[in-house]
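Q: My structure is below; once you've seen it, I'll send some questions.
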Amino acid sequence: MRANKLVAFGTAVAVASGMLLISVGTANASSHREAPLISQDPTADNTDLYMFRDPNDSTKVDILANYIGLEKPDGGPNFAKFGDDVRYEINIDNNGDVVTDITYQFRFRTVVRNPNTFLYNTGPIGAPNDANQNVQQFYTVQRVDKYGTHTLVSDQPTPPVNVGERSTPSATYESNLARPTIGSLPDGGKVFAGSRADSFFVDLGSIFDLLGLRPINTAHLIPRPTSNGVNSVARTNVHTIALQLPISSVTTNGDVPTNVDSKASVIGAYASASRQKVRVLSNGVSDDGDRALQRSHGRWVQVSRLGIPLVNEVLIPLGKKDLWNATDPENDAQFFGNILDPEPTRLLPVVYTAVFNASNTPPGGAANRGDLIKLLTGQLIGLSPANALPPADLLRVNVAVPAVNGTVANRLAALQGDTGGFPNGRRLTDDVIDIELQVLAGVLLPGFGNGDPANNIPGTAVPYSAIGDGVNQATSLPLSSFPYEPTPFGGYSQPEPGVPPLIAP
Amino acid sequence: MLLAAEVRNDHNASYVLVVHDGAVPSSAKWTRIRRDLPAITGFTVEADRDPSVATAMVQHQPGLNSFVGLVPAHERQTWKARRTASGWLLEPFPEVRPVLAPEAGAAGVAMAWLRAVQRCDRAGTAALQAVPTLFDSTTNDIRLCRTAGELRVRNGVDRMPPGPLSGDIVAQYSTDAFTWARVVHVDAPVRLTIVLAPIGNDWKVLGLADPF
Chain C
137 MRANKLVAFG
147 TAVAVASGML
157 LISVGTANAS
167 SHREAPLISQ
177 DPTADNTDLY
187 MFRDPNDSTK
197 VDILANYIGL
207 EKPDGGPNFA
217 KFGDDVRYEI
227 NIDNNGDVVT
237 DITYQFRFRT
247 VVRNPNTFLY
257 NTGPIGAPND
267 ANQNVQQFYT
277 VQRVDKYGTH
287 TLVSDQPTPP
297 VNVGERSTPS
307 ATYESNLARP
317 TIGSLPDGGK
327 VFAGSRADSF
337 FVDLGSIFDL
347 LGLRPINTAH
357 LIPRPTSNGV
367 NSVARTNVHT
377 IALQLPISSV
387 TTNGDVPTNV
397 DSKASVIGAY
407 ASASRQKVRV
417 LSNGVSDDGD
427 RALQRSHGRW
437 VQVSRLGIPL
447 VNEVLIPLGK
457 KDLWNATDPE
467 NDAQFFGNIL
477 DPEPTRLLPV
487 VYTAVFNASN
497 TPPGGAANRG
507 DLIKLLTGQL
517 IGLSPANALP
527 PADLLRVNVA
537 VPAVNGTVAN
547 RLAALQGDTG
557 GFPNGRRLTD
567 DVIDIELQVL
577 AGVLLPGFGN
587 GDPANNIPGT
597 AVPYSAIGDG
607 VNQATSLPLS
617 SFPYEPTPFG
627 GYSQPEPGVP
637 PLIAP
Chain A
168 MLLAAEVRND
178 HNASYVLVVH
188 DGAVPSSAKW
198 TRIRRDLPAI
208 TGFTVEADRD
218 PSVATAMVQH
228 QPGLNSFVGL
238 VPAHERQTWK
248 ARRTASGWLL
258 EPFPEVRPVL
268 APEAGAAGVA
278 MAWLRAVQRC
288 DRAGTAALQA
298 VPTLFDSTTN
308 DIRLCRTAGE
318 LRVRNGVDRM
328 PPGPLSGDIV
338 AQYSTDAFTW
348 ARVVHVDAPV
358 RLTIVLAPIG
368 NDWKVLGLAD
378 PF
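Protein sequences, first through last, are from chains C and A. Mapping of the first sequence onto the working numbering: position 296 corresponds to residue 432, and the numbering continues sequentially without gaps. Mapping of the second sequence onto the working numbering: position 120 corresponds to residue 287, and the numbering continues sequentially without gaps.
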């Protein structure tokens, strides 16, 4: 029974036969074009962050950061690529103080072999670095930690984009073009960077049309016929940076923790992108002469970040979104007022008047949203109140909890009593939209959902589980091994709108 | 003391010596700023008679990379100090003047590189390059390989001008590149422009472009 699985949501965890039960947290999901400034800068736009204990190797943890949302696979001849002028980062806090302890930094460079053609490739691409691939990207990875800065990989190739069947045949794309670009890290980890199919799934069209969820359209203030959800990011690609790291290389004690209720067992991460400051010079010289010879300080400015999915997307108001993107998690307290009084929750009795009212809608504020506080402090992933971490928008994973392979069947993760998924990290298949919508509506709160999505919203015959966008999985399922994010969709295979593709993927 | 702490990579120790104002409100922020700058390997204090100003010649492992940009072997840093209730503290951002290789050496390196290219001597050219794959090199260096004829290089060395080539270099190394990159113009056996970067005490070839 679900109510039993979700016992004491908030109180963390029960360990039985090595299996951990976690109650769910709230959350937010994905952030495609979520803030005014970054919506104009897709190359630096961090769309999703995933982190999970590796399902094939219990000594590893995987971190995947996606950028450049909503890429059309046939968007040539200048296909989407990483920014040569952007610094991409994956930041890790491993001692619970919310300050970054380890950063993996990525820089890309594009090389054009032949500027005298308009083509991305001048023949079939058989392997990375194939002479037919006219536009290539290479990258360098640094790790910054308390011991200094270490270059891990240099001039590592990215795979070509999936141009189409003639250029990059689907059947061999993964084996011949993508896998050979997976790099080895000195500590035994792996790295990959390149085009992938977007694993996120969401009905953006309905959510941003006055929160009109299609499956419950008739309950909306402005009713529409009910229908299934429409995946707004279906058949789109993203650019993924993926790390597979030995757990011992990122934990504060340098081990693979086994004690679930320990701060040392939790790592928190956020991904970010930074752009370079610009000095305005005239013919190479500033107005006051040789001052231009000075080296500038603080070269990088953070323009995008992502930890817990959807925080900036739907909890931070428009006027603060750009500030939020530029802020580090250690300074997140300034946003807690917005996070703990979620606007989507306040909208429920406004747009779903037939279901929600003042008495069955959770009030905001720290005193009323203990569920969200527990999410932000790691208490939903195995930590007791005594070991709670400072609140912050970090995607946290308890690496003492065994991995659970993500599937469509356990898409609701902790809401189903599955401890291996969101909010204990986030797997590619976790349905963070439905999870978060239900949590924001109060499924975890005493007197409301009491931790069981099967329970009815008080005073109604509608269960919390009915709240969802009706999109339950991505177009492509994850790969069975690193980098897990699926093969990118090919440009040639793109159908006319509404027409099924001729060739999959 | 601040520079000594930086040599030890101890940013917490150096943080207590700077003014904690809005730009550097926390040790974490200071650490983040310092990690974006070239690591300091040594220093010599040049002048500290005025208690409000200290000047030091700071040493780095010279190089060029896309995370930090140009790392000169030496740079002169001038730190301003402010008297506070707890004593003298340093302003967090010194004035920094890199000591670059003498500009006159750039043309000679360009000539040596050109001769190596004419010989199709890949190892020889690589030794004179700042990066393995030059910016916009894919056609120009091929054009030069096995060309006959005397090399003719125009007198003088210019700053790198704005344009398509500098766009790629600035993307990697920031607009600071306009202050240190130099160009040498080649008239024969083919016309092109060579971009060079000062790496330590030498110049290295960074990119090629059509003449402008």
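Built from N, CA and C at the ideal position, the CB exists for glycine as well. Because the structure is a prediction, the values reported are computed rather than measured.
(1) Would residue 642 of chain C and residue 615 of chain C qualify as a contact pair, given that the criterion is a beta-carbon distance under 8 angstroms?
(2) Which residues, in order along the segment 195–227 of chain A, keep a beta-carbon less than 9 angstroms from a beta-carbon of chain C?
(3) Check the DSSP bridge columns for residue 245 of chain A and list the partner residues they point to.
(4) DSSP three-state label for residue 348 of chain C, please.
(5) Anything in the segment 336–365 of chain A with a Cβ closer than 7 angstroms to a Cβ of chain C? List those residues in chain order, please.
(6) Give the DSSP bridge partners of residue 187 of chain C, in chain order.
(7) Rounded to the nearest angstrom, what separates residue 511 of chain C and residue 586 of chain C at their Cα positions?
(8) Output needed for residue 165 of chain A: all residues of its chain with C-beta closer than 8 angstroms, excluding positions within five of it in sequence on either side, in chain order.
(9) Any contact of the segment 597–607 of chain C with the segment 493–510 of chain C, i.e. 3+ C-beta pairs under 8 angstroms?
(10) What residue from A:287, A:275 and A:301 has the CA that sits closest to residue 320 of chain A's CA?
(11) Kindly list the residues whose CB is nearer than 7 angstroms to the CB of residue 592 of chain C, restricted to its own chain and excluding five residues on each side of it in sequence; keep chain order.
(12) Ignore the nearest five residues each way along the sequence and tell me which others in residue 227 of chain A's own chain have a CB closer than 8 angstroms to its CB.
(13) Starting from residue 227 of chain A and walking both ways along the beta strand (DSSP E), at which residues does that stretch end?
(14) Run through chain C and tell me which residues come within less than 9 angstroms of residue 233 of chain A, C-beta to C-beta.
(15) So does the segment 456–473 of chain C actually touch the segment 567–580 of chain C, counting three or more Cβ pairs closer than 8 angstroms?
(16) Near residue 557 of chain C, which residues of its chain fall below 7 angstroms by C-beta distance, leaving aside the five closest residues on each side in sequence?
(17) May I have the straight-line CA-CA distance separating residue 298 of chain C from residue 188 of chain C, to the nearest angstrom?
(18) With a CB to CB cut of under 6 angstroms and the five nearest residues on each side skipped, what residues in its chain are close to residue 262 of chain A?
(19) Hey, is residue 367 of chain A's beta-carbon within less than 8 angstroms of any beta-carbon in chain C?
(20) Mapping DSSP to helix, strand and coil, what is residue 207 of chain C?
(21) In terms of residues, what are the limits of the alpha helix (DSSP H) holding residue 173 of chain A?
(22) Could you check whether the Cβ of residue 380 of chain C sits closer than 8 angstroms to any Cβ belonging to chain A?
(23) In chain C, which residues lie with their C-beta within 7 angstroms of the C-beta of residue 236 of chain A?
(24) So, does the CB of residue 322 of chain A fall closer than 8 angstroms to a CB anywhere in chain C?
(25) Is residue 273 of chain C near residue 294 of chain C, with beta carbons less than 8 angstroms apart?
(26) Taking 8 angstroms as the CB-CB limit, is residue 313 of chain A close to chain C?
(27) Identify the continuous alpha helix (DSSP H) that holds residue 293 of chain C and give its terminal residues.
(28) Excluding five sequence neighbours on each side, which residues of the same chain lie with their C-beta closer than 6 angstroms to the C-beta of residue 316 of chain C?
(29) Could you name the residues that DSSP lists as bridge partners for residue 267 of chain C?
(30) Taking only beta-carbon positions, decide if residue 285 of chain C is within less than 8 angstroms of chain A.
(31) Assuming residue 575 of chain C is part of the alpha helix (DSSP H), what are its boundary residues?
(32) Taking Cβ positions, are residue 408 of chain C and residue 182 of chain C nearer each other than 8 angstroms?
(33) Mind checking if residue 207 of chain C is an interface residue toward chain A, Cβ cutoff 8 angstroms exclusive?
(34) Could you give the uninterrupted runs of the beta strand (DSSP E) lying entirely in the segment 304–377 of chain A, keeping only those of 3 residues or more?
(35) In this structure, does DSSP put residue 357 of chain C in helix, strand or coil?
A: Looking at the atomic coordinates:
(1) The structure shown does not extend to residue 642 of chain C, since chain C is modelled only from 137 to 641, so the question has no answer here.
(2) 195, 196, 198, 199, 200, 202, 203, 204, 205 and 206
(3) A:222 and A:262
(4) coil
(5) 338, 339, 341, 342, 343, 345 and 346
(6) C:199 and C:562
(7) 16 angstroms
(8) A question about residue 165 of chain A goes unanswered here, because the residues of chain A that appear run from 168 up to 379.
(9) no
(10) A:275
(11) 598 and 599
(12) 205, 206, 207, 208, 238, 239, 240, 241 and 242
(13) Per DSSP, residue 227 of chain A belongs to no beta strand (DSSP E) and is neither H nor E.
(14) 220, 223, 243, 244, 245 and 276
(15) no
(16) 540, 542, 546, 549, 550, 563 and 566
(17) 27 angstroms
(18) 245
(19) no
(20) strand
(21) 169–174
(22) no
(23) 435
(24) no
(25) yes
(26) no
(27) From DSSP, residue 293 of chain C is part of no alpha helix (DSSP H) but of the beta strand (DSSP E) over 284–293.
(28) 264
(29) Residue 267 of chain C is not bridged to any residue.
(30) yes
(31) 568–577
(32) yes
(33) no
(34) 349–355, 359–366 and 369–376
(35) coil
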